[in-house]
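Student: In full-length UniProt numbering, the protein residues as written are 1 to 300.
We treat Cβ as the ideally placed atom computed from N, Cα and C, and that holds for glycine.
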Amino acid sequence: MITKENFLNDIKSGTNIKISLMVMKIMFKDASKFVCILVDKSGEVKANIPSKNGDITEGSVLEVEGFKDKNLDVKKYKFILDYNLSDYLPTVKRPIEDIMNEMDTLTEKYIISNEGKALNDYFFKDELFLDKFQRGIGGVSMHHNYIGGLAEHTLNVMYLTATLCERYECTRTEIAVLVAKLHDIGKIYELYYDGPFKYTLRGEMEGHIVIGVELLDRAIRENESLYSEDFITRIKGCLVQHHGKPEFGSPRGMKMEESFIVNFADSTDATMNKISQMKDKTEPGNWSDYDRRIDTKLYL
1 MITKENFLND
11 IKSGTNIKIS
21 LMVMKIMFKD
31 ASKFVCILVD
41 KSGEVKANIP
51 SKNGDITEGS
61 VLEVEGFKDK
71 NLDVKKYKFI
81 LDYNLSDYLP
91 TVKRPIEDIM
101 NEMDTLTEKY
111 IISNEGKALN
121 DYFFKDELFL
131 DKFQRGIGGV
141 SMHHNYIGGL
151 AEHTLNVMYL
161 TATLCERYEC
171 TRTEIAVLVA
181 KLHDIGKIYE
191 LYYDGPFKYT
201 LRGEMEGHIV
211 IGVELLDRAI
221 RENESLYSED
231 FITRIKGCLV
241 QHHGKPEFGS
251 PRGMKMEESF
261 IVNFADSTDA
271 TMNKISQMKD
281 KTEPGNWSDY
291 DRRIDTKLYL
């Protein structure tokens, strides 16, 4: 197995490079070239690759030589067949253990009822679920699109939710914080993250909110006597409503205080993650490129 020795975040703009990268996404191709997003665990770059063979596919690992500025102009490439996959999948910067420990601290503070603890433990004491959750991504391209991104996003939404609940004296803080922790659990089955990030068939067909409700229903059915009807109604309702409006993917619009709070926390963290990614690609005192995700460019 070839050991990867250099990574994208170590390379300065305006230099000739030789580096191995994975094709995460093919954006355009014709008879003479490919335009791709190339990645390793430290980041990504848009690349122009001359190719008359049409042999490049998403998931291919290439050793490329070329000139890197904002984009990468590849002069030549060859395929790498023997590699460690973890070197090529973008990964959260913080240690995942730190993220999970901070989540545990918030959980112990805010999730205090027997039914709240039982529902939390159903998921987060399950080793198979926990493994998927810790490796999961927050999205394919929109936000937190890296290994560990799901956990990082969940922590941030929990933190923001707790802060908003305390500031505005939310009546049911535990419900809000617990839903913040559970709001994206459906993404562990909606999104594929053991290679180039993409939607699973189930994800395309159902989406993470519907999948999340299915997971909640299963948890409740296994021990219905633990949960009150009001608890079930509020947890499911808040999860269903957390995208805010049907046009944003929620089966129902927001109808509870908790739903508004989780929605605000969710959208704030997603937006700030997009901005953080733009900052990583832009020198201070300059304009970023236009980013369709926030529909603007930023002066940084």
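Based on Cα-Cα distance, which residue from 49, 22 and 43 lies nearest to residue 28?
Tutor: Of the candidates 49, 22 and 43, the one whose C-alpha sits nearest the C-alpha of residue 28 is 49.
Student: List the DSSP bridge partners of residue 33.
Tutor: According to DSSP, which records beta bridges pairwise, residue 33 is partnered with 50.
Student: Use the C-beta contact count for residue 146: other C-beta atoms within 10 angstroms, 16 or more gives buried, fewer gives exposed.
Tutor: That one is buried.
Student: Count the CB pairs spanning the stretch 195 to 204 and the stretch 159 to 175 that are closer than 8 angstroms, and state whether there are at least three.
Tutor: Contact fails: fewer than three Cβ-Cβ distances are below 8 angstroms.
Student: Residue 101: buried (16+ other C-beta within 10 angstroms of its C-beta) or exposed?
Tutor: Answer is exposed; the Cβ neighbour count stays below 16.
Student: Can you give me the Cβ contacts of residue 173 inside the same chain, cut-off strictly under 8 angstroms, excluding the 5 residues immediately before and after it?
Tutor: These residues qualify, in order along the chain: 110, 162, 165 and 166.
Student: Quick one: give me the first and last residue of the beta strand (DSSP E) that residue 72 is part of.
Tutor: Residues 72 to 80.
Student: Just to confirm the assignment, what range does the beta strand (DSSP E) spanning residue 206 have?
Tutor: No beta strand (DSSP E) holds residue 206; the alpha helix (DSSP H) holding it covers 201 to 206.
Student: Less than 8 angstroms between the beta carbons of residue 179 and residue 242, yes or no?
Tutor: Yes, Cβ-Cβ distance for residue 179 and residue 242 is below 8 angstroms.
Student: By alpha-carbon positions, which one of 119, 198 and 91 ends up nearest to residue 151?
Tutor: Measuring from the Cα of residue 151, the nearest candidate turns out to be 91.
Student: Ignoring anything shorter than 4 residues, give me the alpha helix (DSSP H) runs that lie fully in the stretch 80 to 129, in order along the chain.
Tutor: The qualifying runs are 96 to 110 and 114 to 124.
Student: What is the DSSP secondary structure of residue 237, reduced to helix, strand or coil?
Tutor: Residue state, collapsed to three classes: helix.
Student: Go ahead and label residue 20 buried or exposed: buried means 16 or more other beta carbons lie within 10 angstroms of its beta carbon, across all protein chains shown.
Tutor: Label assigned to residue 20: buried.
Student: When you compare only the Cα positions, how much space is there between residue 15 and residue 263?
Tutor: Each residue's alpha carbon lies about 43 angstroms from the other.
Student: Would a C-beta distance cut-off of 8 angstroms place residue 211 and residue 186 closer than the cut-off?
Tutor: Against a cut-off of 8 angstroms, the Cβ pair of residue 186 and residue 211 comes out as a contact.
Student: To the nearest angstrom, how far is it from the Cα of residue 112 to the Cα of residue 99?
Tutor: When rounded, the distance between both Cα atoms is 20 angstroms.
Student: Considering residue 149, what are the terminal residues of the alpha helix (DSSP H) in which it resides?
Tutor: Note, residue 149: alpha helix (DSSP H), 149 to 167.
Student: Check whether the stretch 182 to 199 and the stretch 135 to 143 are in contact - that is, three or more C-beta pairs closer than 8 angstroms.
Tutor: With the cut-off at 8 angstroms, the stretch 182 to 199 and the stretch 135 to 143 touch.
Student: For residue 248, which three-state DSSP category applies?
Tutor: It is helical.
Student: Taking the continuous alpha helix (DSSP H) assigned at residue 177, which residues delimit it?
Tutor: That run of the alpha helix (DSSP H) goes 173 to 182.
Student: With 8 angstroms set as the bound, which would you pick, yes or no: does the beta-carbon of residue 138 sit closer than that to a beta-carbon of chain D?
Tutor: Going by chain labels, chain D is absent from the structure shown, which holds only one protein chain.
Student: Look at the Cβ atom of residue 68, then the Cβ atom of residue 11, and state whether they are nearer than 8 angstroms.
Tutor: Taking 8 angstroms as the Cβ cut-off, residue 68 and residue 11 qualify as a contacting pair.
Student: Tell me whether residue 290 is buried or exposed, calling it buried when 16 or more other Cβ atoms sit within 10 Å of its Cβ.
Tutor: Label assigned to residue 290: exposed.
Student: Which term fits residue 223, buried or exposed, when burial requires 16 or more other beta carbons within 10 angstroms of its beta carbon?
Tutor: When all chains shown are included, residue 223 counts as exposed.
Student: Which word fits residue 66, buried or exposed, when buried means at least 16 other C-beta atoms lie within 10 angstroms of its C-beta?
Tutor: The residue is buried, with at least 16 neighbouring Cβ atoms inside 10 Å.
Student: Quick check: the Cα distance between residue 105 and residue 72, rounded to an integer number of angstroms?
Tutor: One C-alpha to the other measures close to 42 angstroms.
Student: At the level of alpha carbons, what is the spacing between residue 23 and residue 144?
Tutor: Cα-Cα distance, rounded: 18 angstroms.
Student: What residue does the beta strand (DSSP E) around residue 68 start on, and which one ends it?
Tutor: Residue 68 -> beta strand (DSSP E) spans 61 to 68.
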